[in-house]
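Residues 55 to 280 (our numbering) make up the sequence shown, in order. C-beta atoms are modelled at their ideal positions from N, C-alpha and C, and glycine is treated no differently. Shown next, in structure tokens, is the structure this report addresses.
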Amino acid sequence: MAPIDCPSPNFDKRKLPVSMVVLHYTGMPDAEGAIARLTSPDAKVSAHYVIKEDGEVLRLVDEEHRAWHAGKSYWRGVTDVNSASVGIEIVNPGHEFGYRAFPDEQIAALIPLLAEIKARHGISRGNVVGHSDIAPARKEDPGELFPWWELAKRRLALPSPSRDLMDPYWTDAGFLLALERFGYDVTDGLKATIAFQRRFRPDLIDGIIDGECRAKLLALLLPRPQ
């Protein structure tokens, strides 16, 4: 199903080519309020797409333009993430208003949209990220209930390593250096670790750098097809 146009005035000119996709949850009580905010000139926020819980997809900003969804963020050396990304807002009340699982219809709508964006811009799996990945000190979305595995099994995002894991001997400082190499801003080491866990080990988000975290990060850093 083609996206329905619902234009937002909140965009400007890109300064970088598109190299990533950022997934968000709307974090508001309902879809109507979120869409109203994303299309209000007073709010000065937007995204390229919104996916409702029933799977309806809205296009707010054309991909050729820079939408305002990432805020202060960083990923793999890029600080103007808005210029380098396509932003997708997924309707969900978020942690503040009753965080819940994402309906199957919503994820079924996301998968072909993401596949098309990824192919159109030549985006690697490692650059399909959550808002919490690019802004770990500020954001939690799309959160630990987001089904990253549904994207990973279709080669639309990186999987969480789970087999033949070798725990490297890293101090906490060594882990954070490796995490920075992977792509995260580690200025706040605890928040960066939590963001990594939220993305790759959502069943235990405690901020502790343990053997499983080290092993997963090592596996992610090993060469793999992107």
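Original post:
In or out: Thr-80 buried (at least 16 other Cβ within 10 Å) or exposed?
Top reply: buried
**OP:** Please check the pair Asp-142 and Leu-77, which I expect to be a contact at CB under 8 Å, by giving their CB distance rounded to whole angstroms.
**Re:** Looking at the sequence shown, residue 142 is not Asp but Ile. Confirmed, Cβ separation roughly 5 Å.
**OP:** Let me know the secondary structure DSSP gives Val-111 once reduced to three states.
**Re:** strand
**OP:** Kindly indicate which residue of Val-132, Leu-205, Pro-83 has the alpha-carbon position closest to the one of Pro-166.
**Re:** Leu-205
**OP:** Please name the residue in Gly-197, Ala-269, Tyr-223, Gly-180 whose C-alpha comes closest to that of Arg-154.
**Re:** Among Gly-197, Ala-269, Tyr-223, Gly-180, the Cα nearest to that of Arg-154 is on Gly-197.
Original post:
Exposed or buried, what is Pro-95 when buried is set at 16 or more other beta-carbons lying within 10 Å of its beta-carbon?
Top reply: Label assigned to Pro-95: exposed.
**OP:** Give a yes or no on whether the C-beta atoms belonging to Ile-259 and Leu-164 are separated by under 8 Å.
**Re:** no
**OP:** For Tyr-79, write down the residues that DSSP places opposite it in a beta bridge.
**Re:** Ile-144
Subject >> Which of helix, strand or coil DSSP assigns to Lys-245 >> reply: helix
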